[in-house]
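The next block holds one structure in the form of structure tokens; read it before the comments.
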Amino acid sequence: MSIRKRTAILISGRGSNMQALVAAARAPDYPAEIVLVLSNRSDAAGLAWANANGLPTLVLDHKAYSSRSAFDDALNSALETANVELVALAGFMRLMTAAFVEHWRDRMINIHPSLLPSFKGLHTHQQALAAGVRIAGCTVHFVRPEMDSGPIIAQAAVPVLSGDTPETLAARILDVEHTLYPMALRLVASGRARCEGEKVIIFEDVKCESALYSPSP
Ligand code: GRF
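Here it is as structure tokens:
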């Protein structure tokens, strides 16, 4: 095993979180190395960026496989061929089989743009606005077979402002995703964030803001 954890990033689209992880991993003391960017869509904008930036990339088109498990088997082979140790999902829009998820248990993380366990699934910003919450955010978690569930590694919160649309809220959350995800991958890759039962213990002095008020007092 290398000292820097060999990490694959799985994308389906824009890839802005992938870019944030790649940028962080350029630091020589970052504990993860991005060894593969894999997309299930050949037209993903993030894939073009990864190619232009000299990253190893691979496309596995899910439509070319007869079943979800056939696709997951191919995915698994690609990851094992690249000697991947950690998987970071970054806008990867495919549900995975329980067998695949269990195989990568505690070695696969995801970012979701809500404060889980609230607002799982799609249209999460619309869900948050419809619920009328005053604080929204994002979560990095270990992946479990049930969608958008699993032990929480880190979260970031932002205010919901009057007049927000799903787009303005998404942009405010995306901005903090780009800080949260590299930090969370650093904790996991360095072994400082570990699952104990279904909770994550962080083995370093954790700094936190004292509170976010929305509206401010
Ligand atoms: C992000 O909001 C992420 O939280 C969610 O999908 C979106 C992907 O955006 N899982 P990008 O492709 O990283 O720009």
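Quick note, the working numbering runs 15 ahead of the 1-based positions in the sequence shown. From the three backbone atoms N, C-alpha and C, an ideal C-beta is built for every residue, glycine too. Keep in mind the model is a prediction, meaning the values are calculated, not measured.
Counting only the Cα atoms, T96 lies some 43 Å from T180. In the three-state reduction of the DSSP assignment, S129 falls in the coil class, being assigned neither a helical nor a strand state. Beta-bridge annotation (DSSP): C223 is not paired with any residue. A contact is defined here as three or more CB-CB pairs under 8 Å, and the stretch 31-46 fails this definition with respect to the stretch 213-231. One Cα belongs to H140, the other to C153, and the distance between them is close to 10 Å. Counting only runs of at least 3 residues, the stretch 57-100 fully encloses the following beta strand (DSSP E) elements, listed from N- to C-terminal order: 72-74. DSSP lists T154 as the beta-bridge partner residues of Q170. Rounded to whole angstroms, the separation of the alpha carbons of L90 and A23 is 11 Å. With fewer than 16 other CB atoms across the displayed protein chains lying within 10 angstroms of its CB, L137 is exposed. If you look at T180, you'll find it isn't in any beta strand (DSSP E); DSSP assigns it neither H nor E. For S231 and I168, the gap between their C-alpha atoms comes out near 27 Å. Within the stretch 183-224, there are no complete alpha helix (DSSP H) runs of at least 4 residues.
Of P128, V158 and S229, the smallest CA-CA separation from P166 is found for V158. According to the DSSP assignment, L144 belongs to the alpha helix (DSSP H) that extends over T139 to A146. Taking C-beta atoms under 8 Å as the contact rule, I188 and A151 qualify, at a distance of about 6 Å. With a threshold of 6 Å, the Cβ atom of P132 does not count as near the ligand GRF, since no heavy atom of the ligand is closer than that. Following the DSSP letters along the chain, one finds S31 inside the alpha helix (DSSP H) bounded by residues S31 to A40. In the DSSP secondary-structure assignment, S54 is bridged to I26 and V74.
For V116, the three-state secondary structure derived from DSSP is helix. In its chain, beyond the 5 residues on either side, F134 have a beta carbon closer than 6 Å to the beta carbon of Q142.
Contact check for K20 and A47: beta-carbon distance about 5 Å, within the 8 Å limit, so the pair qualifies.
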